[in-house]
Amino acid sequence: MAEEKKEETVVIKKSTLTLVVVAVVFLAVGFGIGKFTTPTANVIVGGNNNPPSDTGNGGTPSRLDVPAGDAPVLGDSNAKVTIIEYSDYECPFCGRFYTQTEGLLRSEYIDTGKAKLVYKDFPLSSIHPTAQKAAEAARCAGEQGKYWEMHDLLFEKQDEWAPLGAAKLRDYATGLGLDAAAYNSCLDTGKYASAVQKDFNEGSSFGVSGTPSFFINGFQIVGAQPYSVFKQIIDQELQA
102 MAEEKKEETV VIKKSTLTLV VVAVVFLAVG FGIGKFTTPT ANVIVGGNNN PPSDTGNGGT
162 PSRLDVPAGD APVLGDSNAK VTIIEYSDYE CPFCGRFYTQ TEGLLRSEYI DTGKAKLVYK
222 DFPLSSIHPT AQKAAEAARC AGEQGKYWEM HDLLFEKQDE WAPLGAAKLR DYATGLGLDA
282 AAYNSCLDTG KYASAVQKDF NEGSSFGVSG TPSFFINGFQ IVGAQPYSVF KQIIDQELQA
C-alpha cells in the first residue's frame with residue numbers, strides 16, 4: 102500500500118475535560134493507517150470522529166468499554182492502564198508501530214507494570230492476503246507458549262514473509278523451538294480461523310476500520326502515531 106503525504110489531526114481528551122487539538126501537515130511521509138481505502142490518518146481519543154465535549158452535567162466524557170476477553174496479554178494483568186491494539190501482521194503501518202513505538206512502550210510502561218498490551222487481530226484480507234494466516238500462526242505458536250515470540254518475529258520479518266505467502270510461515274517454527282508438526286497441523290486446519298474472525302467482528306463493532314487502531318483505557322487512537330501521543334494519554338491515565 103503506497104504511503105502518501107497526509108494531514109493528520111490529533112484530538113486529545115484529558116480527564117480534566119481540557120481539549121487539545123493539534124493539526125500537523127507533514128512535508129514528508131506521514132504516520133498512517135492501513136484501511137480498505139487510502140486514508141487520511143487521524144488520532145482520535147474518545148471513541149468517535151467528533152471532538153470530545155462536556156456531557157452538560159459536569160461529568161467526564163464516556164469511554165468505550167472494549168473488553169480484553171481472552172486475547173493475549175503482555176504485562177501485568179493488574180496494570181492500571183490497558184492498551185488494546187487491533188492490528189494486522191501484514192500491514193506496513195502496523196510494522197512501523199512495532200519497530201518505532203512498541204519497544205518504547207514496553208520498556209517504559211509494560212515492563213514496569215504500569216500498563217499491559219492486549220493484542221487483537223484485525224486482518225485486512227482484501228489488501229493483505231496473508232494477514233489472516235499470519236494471525237493464525239501466532240495463535241498456533243501460542244499453543245506452545247510462544248505467542249509473543251511469534252508476534253514479534255512476524256513484524257520483524259514482515260518484508261520477508263509477506264511477499265511469499267502463507268507457506269513461508271512454516272519456516273519459523275524451528276527457529277522458535279516449536280514442535281513443527283503440531284504447529285503446521287494447527288495452521289493447516291485453520292484451528293483459529295474463527296477466533297481471528299471474532300476479533301475482527303468485535304473491532305468492527307467498536308468502529309475499527311483500519312490498522313493499527315488502539316484503545317487506551319477506552320480512549321481511541323487511530324494510526325501509527327508517534328510515541329509522544331501514546332505517552333501523553335498513558336501518563337494522563339496513570340495520574341487519574
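Heads up: the sequence shown is residues 102 to 341, going by the working numbering. Every residue, glycine too, gets a C-beta built ideally from N, C-alpha and C.
CB contact flag (residue i, residue j, <8 Å)
i, j, result
"S188", "K217", "no"
"K234", "E186", "no"
"P173", "G243", "yes"
"L288", "L265", "no"
"F194", "G324", "yes"
"I317", "V182", "yes"
"E237", "G291", "yes"
"F320", "T202", "no"
"I335", "Y199", "no"
"L225", "T312", "yes"
Neighbour-count burial assignment, residue i, 16 or more Cβ in a 10 Å radius
i, result
"L175", "buried"
"S345", "Residue 345 lies beyond the stretch modelled for the chain, which goes from 102 to 341, so this question has no answer here."
"S208", "exposed"
"P168", "exposed"
"E191", "buried"
Residue i (DSSP reduced to helix, strand or coil)
i, result
"G131", "Caution is warranted here: a pLDDT of 43 is assigned to G131, below 50, making its placement in the model unreliable, and the coordinate value is therefore given only provisionally. In this structure, G131 counts as coil in the three-state DSSP scheme."
"F307", "coil"
"T213", "coil"
"L218", "strand"
"V343", "Because the chain spans 102 through 341 in this model, residue 343 falls outside it and cannot be assessed."
"F331", "helix"
"S208", "helix"
"E191", "coil"
"L231", "At residue 231 the sequence reads Thr, which differs from the Leu that was named. Coil at T231, not helix or strand."
"F100", "Beyond the ends of the chain as shown, which are 102 and 341, falls residue 100; an answer cannot be given."
"N143", "The predicted position of N143 is uncertain, since its pLDDT is 45 and thus under 50; no value can be drawn from it."
Residue i: CB within 7 Å of a non-hydrogen atom of the ligand NAD
i, result
"Q321", "Absence of the ligand NAD from the depicted structure is noted, as is the absence of any ligand whatsoever, leaving it without description."
Open item on the list: At 4 residues or longer, what runs of the alpha helix (DSSP H) sit wholly inside the region 235–289?
Closed with: 248–257, 259–262, 273–276 and 281–289
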